[in-house]
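In numbering that gives the first Met the number 0, the protein residues as written are 0 to 245.
Everything below concerns the one structure shown next.
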Amino acid sequence: MFGLFSKKKKEPQEIFDYDFVSVDMHSHVLPGIDDGAQSVEESVVLIREMVALGIKKIIATPHIMADYYKNNATTINTALNTLTEHLKTENIDIAIQAAAEHYYDEFFTKLIDNNELMLINNQYVLFELAFTSKPPNVIYTIQKITDKGLTPILAHPERYPYLTLQEAESMRSWGCRIQLNAISLTGYYGKEVKKSAETLVDAGMVDYISSDMHHPRHAHAFKTALQTPYLKKLKDEGNLQNIHLL
Ligand SMILES: [Fe+2]
């Protein structure tokens, strides 16, 4: 009977912000060029949330997809300039840069071959795979990128239902880094994605985390993610590389 009716004292949840991450390197906050923010006003709403949560630098990564979002250096840099000017008028003090989230399609191969990738810090290539089925030649493409002295980063592997841990490990062994969406840890994309995200954390395979922010619901989940034990685990283990992108 001992303790049966005694109320367990609730441990206070540690509150922390994204200061330990500092650099959000995957988001869709540039206005009007993909499925993220559609105007500078919408961009500002998202960016204010990120600043409030301790983000010090944003690397915006609009989609480049041959079939849907035909972005390039011109469309991306124009949107970046528009946003930067607007942030000044709003007195929002945050470092903001632009790269891209490259979709793995035949156009991506062309951009690699023609040295037209939109790089993070002149070094990193953020790319995503199809959500439905595994594309061909991924390891070969990773090798093509690393042969150029660049570092590929796979966006949100936890969201590809076909991708096994072994395949992600293999990609990583070929020099591909792994970026987890912080909001995956909240169950935002469902239980399976949450489980996959936790498995990647447990396997010590997460190199970067980011918001992948498109709209205010993502901002809300990004805040909620701070309360998850797995985000705390990532913080405590200290292996995240985001801060090196400052
Ligand atoms: Fe994204």
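By construction, the Cβ of each residue, glycine as well, lies at the ideal position given by its N, Cα and C atoms.
Exposed or buried, what is residue i when buried is set at 16 or more other beta-carbons lying within 10 Å of its beta-carbon?
{"i": "tyrosine 229", "result": "buried"}
{"i": "glycine 148", "result": "exposed"}
{"i": "glutamine 178", "result": "buried"}
{"i": "alanine 99", "result": "buried"}
{"i": "isoleucine 58", "result": "buried"}
{"i": "glycine 2", "result": "Interpretation of glycine 2 is limited by its pLDDT of 47, a score under 50 that renders its predicted location unreliable; the figure taken from the coordinates is listed afterwards. Exposed."}
{"i": "threonine 83", "result": "exposed"}
{"i": "proline 156", "result": "buried"}
{"i": "methionine 0", "result": "With a pLDDT of only 43 at methionine 0, under 50, the local geometry of the prediction cannot be trusted, and the value read off the model is given with reservation. Methionine 0 comes out exposed."}
{"i": "leucine 172", "result": "The residue you asked about is not leucine; residue 172 is serine in the sequence shown. Counting Cβ neighbours within 10 Å, serine 172 comes out exposed, since fewer than 16 surround it."}
{"i": "aspartate 92", "result": "exposed"}
{"i": "serine 5", "result": "Reliability of the predicted coordinates at serine 5 is poor, the pLDDT of 49 falling under 50, and the value obtained from them is presented with this limitation in mind. Exposed is the call here."}
{"i": "tyrosine 103", "result": "buried"}
{"i": "histidine 25", "result": "buried"}
{"i": "glutamate 236", "result": "exposed"}
{"i": "tyrosine 161", "result": "exposed"}
{"i": "aspartate 211", "result": "buried"}
One question on the structure: do residue i and residue j come within less than 7 Å of each other, judged by their Cβ atoms?
{"i": "threonine 145", "j": "glycine 174", "result": "yes"}
{"i": "alanine 167", "j": "isoleucine 208", "result": "no"}
{"i": "leucine 245", "j": "valine 22", "result": "yes"}
{"i": "proline 61", "j": "isoleucine 75", "result": "yes"}
{"i": "phenylalanine 126", "j": "histidine 101", "result": "yes"}
{"i": "histidine 217", "j": "glycine 35", "result": "no"}
{"i": "glutamine 122", "j": "threonine 140", "result": "no"}
{"i": "isoleucine 32", "j": "alanine 78", "result": "yes"}
{"i": "lysine 192", "j": "arginine 158", "result": "Per the sequence presented here, residue 192 reads as valine, with lysine not at that position. Yes, the pair counts as a contact, with Cβ atoms nearer than the cut-off."}
{"i": "leucine 128", "j": "proline 135", "result": "no"}
{"i": "valine 44", "j": "histidine 85", "result": "no"}
{"i": "valine 28", "j": "asparagine 241", "result": "no"}
{"i": "tyrosine 187", "j": "alanine 154", "result": "no"}
Candidates the options: which alpha carbon is nearest residue i's?
{"i": "valine 124", "options": "Asn70, Met49, Phe107", "result": "Phe107"}
{"i": "threonine 185", "options": "Ile141, Gln226, Gln165", "result": "Gln226"}
{"i": "aspartate 255", "options": "Glu41, Val50, Ile32, Lys194", "result": "Nothing can be reported for residue 255: it is not among the residues displayed for the chain, which extend from 0 to 245."}
{"i": "threonine 163", "options": "Ala196, Ile152, Tyr187", "result": "Ala196"}
{"i": "aspartate 16", "options": "Asn238, His243, Lys234", "result": "Lys234"}
{"i": "isoleucine 111", "options": "Ala94, Ala218, Gln142, Ala78", "result": "Gln142"}
{"i": "valine 137", "options": "Leu29, Lys109, Ser169", "result": "Ser169"}
{"i": "aspartate 66", "options": "Glu105, Lys231, Asn113", "result": "Glu105"}
{"i": "lysine 69", "options": "Ser183, Thr223, Leu116", "result": "Leu116"}
{"i": "alanine 97", "options": "Arg176, Lys231, Thr88, Asn80", "result": "Asn80"}
{"i": "isoleucine 54", "options": "Thr73, Ile95, Glu41", "result": "Ile95"}
Please tell me whether, using a cut-off of 6 Å, the distance from the CB of residue i to the nearest non-hydrogen atom of ligand 1 is below it.
{"i": "glutamate 115", "result": "no"}
{"i": "glutamate 157", "result": "no"}
{"i": "glutamate 100", "result": "yes"}
{"i": "aspartate 201", "result": "no"}
{"i": "aspartate 146", "result": "no"}
{"i": "aspartate 34", "result": "no"}
{"i": "aspartate 104", "result": "no"}
{"i": "alanine 211", "result": "The residue asked about is misnamed: residue 211 is aspartate in this sequence, not alanine. Checking the Cβ of aspartate 211 against ligand 1 gives yes."}
Unbroken stretches of the beta strand (DSSP E), 3 residues or longer, contained in the stretch 134-188
Correct list: 150-154, 176-180.
Unbroken stretches of the alpha helix (DSSP H), 4 residues or longer, contained in the stretch 205-229
Taking only runs of at least 4 residues, the alpha helix (DSSP H) segments lying wholly in the stretch 205-229 are 215-224.
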